[in-house]
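The structure appears below as structure tokens.
Residue numbers (the numbering used here): 459 to 757.
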């Protein structure tokens, strides 16, 4: 009787194993029909067709900035042309433009309550100090070079918002610490601050926040001017008003226009010393930006 009872237990165990095996096969077949994807609507790759939430695949929406370079003459705006075009300004000066450039950084959207929308782009840079010790820097990776000879449609930040509305775009003219202590060779390849033009970086000055090279046409002689802004005294935060609903999960693509004619308002190159020109120019530059379009994009 004892032996017979043992055989019955063994037979029952095999039935249990068989039952679980069949269940596993069934569940595996079900999982093969389910689609994995991002199920959070606040991310750019939100998938309405997904059944299972993916692991670390959700992508932040992007803040993208397109720079539009214009120069006003009277009531009209024109594209900026180097060297071949002469421009006249209210104070009576006439100039040929040889270069105009600037560096913008630290882009943020500002919500309706005045708070910054969180951004998630950081750059880690390793360099070596004079004592040959490794030094590590971490900072927001949000930079854009402005020059009429360049077209840039650039991601400047990864953003995360709930679609509650935006009232401004905030950014900085110049390069803040700790990025401003680095040289172009210490940034990764293809980074905006990997530059070799003297109007963007000079060894003795560091990064050039803004630069203008002009040829002033004053009868009977011509005179050239090369004036730049660099150093912490000329770091400036700029906030440009704009209203957008900023739908959650959408890329925000903003066209930011600069009117270079405003740079020269009240500047007297024949009388003002360079330091006065720089101070006036700084005020003018801050007021030379405006937003002309805001698009919400999914791609």
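Note that beta-carbon positions come from the ideal geometry of N, C-alpha and C, so glycine has one too.
Would you kindly work out how many angstroms separate the C-alpha atoms of residue 750 and residue 699, rounded to a whole number? What you label residue 750 is simply residue 292 of the chain shown in a count that begins at 1. What you label residue 699 is simply residue 241 of the chain shown in a count that begins at 1. Using only the alpha carbons, I get a separation of about 11 angstroms.
Could you tell me whether the stretch 705 to 720 touches the stretch 687 to 697, using the rule of 3 or more Cβ pairs below 8 angstroms? no
Rounded to a whole number of angstroms, what is the C-alpha to C-alpha distance between residue 754 and residue 682? Counting from one through the chain shown, the residue named residue 754 turns up at place 296. Counting from one through the chain shown, the residue named residue 682 turns up at place 224. Rounded to whole angstroms, residue 754 to residue 682 spans 43 angstroms at the Cα level.
Whole angstroms are fine: how far does the CA of residue 713 sit from the CA of residue 626? Taking the first residue of the chain shown as position 1, residue 626 is located at position 168. Taking the first residue of the chain shown as position 1, residue 713 is located at position 255. Going by the C-alpha atoms only, they are around 13 angstroms apart.
What are the start and end residues of the beta strand (DSSP E) that includes residue 705? In the chain shown, counting from the first residue as 1, residue 705 sits at position 247. Segment: none, residue 705 is in no beta strand (DSSP E) and carries neither H nor E.
Leaving out five residues on either side along the sequence, give the residues of the same chain with a beta carbon under 8 angstroms from the beta carbon of residue 492. As a first step, residue 492 must be located in the chain shown, where it is residue number 34. The residues are 509 and 510.
Can you pull the DSSP bridge partners for residue 592? The residue labelled residue 592 in the question sits at position 134 within the chain shown. Beta-bridge pairing links residue 592 to 586.
Based on the DSSP output, what are the partners of residue 493 in its beta bridges? Start at 1 with the first residue of the chain shown, and residue 493 comes out as number 35. Note: residue 493 sits in no beta bridge, so no partner.
If we count Cβ pairs, one from each stretch, closer than 8 angstroms, do we get three or more for the stretch 627 to 643 versus the stretch 559 to 572? yes
Alpha-carbon spacing of residue 748 relative to residue 715, whole angstroms: Along the chain shown, one-based indexing puts residue 748 at 290. Along the chain shown, one-based indexing puts residue 715 at 257. Each residue's Cα considered, the two are about 5 angstroms apart.
Please determine, among 613, 634 and 623, the residue with the shortest C-alpha to C-alpha distance to residue 690. Residue 690 sits at position 232 when you count from the first residue of the chain shown. The option with the nearest alpha carbon to residue 690 is 634.
Of the choices 604, 593 and 603, whose alpha-carbon is the least far from that of residue 639? Stepping through the chain shown from its first residue, residue 639 is reached at position 181. Among 604, 593 and 603, the Cα nearest to that of residue 639 is on 593.
Per the DSSP calculation, residue 528 is bridged to which residue(s)? Within the chain shown, numbered from 1, the residue matching residue 528 stands at position 70. Its beta-bridge partners are 537 and 717.
Using three-state DSSP, classify residue 560 as helix, strand or coil. Mapped onto the chain shown, residue 560 falls at position 102. Residue 560: strand per DSSP, three-state reduction.
Could you tell me the boundaries of the beta strand (DSSP E) in which residue 755 lies? Here residue 755 refers to the residue found at position 297 of the chain shown. Residue 755 -> beta strand (DSSP E) spans 747 to 755.
Is the beta carbon of residue 685 sitting closer than 7 angstroms to the one on residue 735? For the purposes of this step, residue 685 is identified with residue 227 of the chain shown, where counting begins at 1. For the purposes of this step, residue 735 is identified with residue 277 of the chain shown, where counting begins at 1. Yes; because the gap between Cβ atoms is below 7 angstroms, this pair is in contact.
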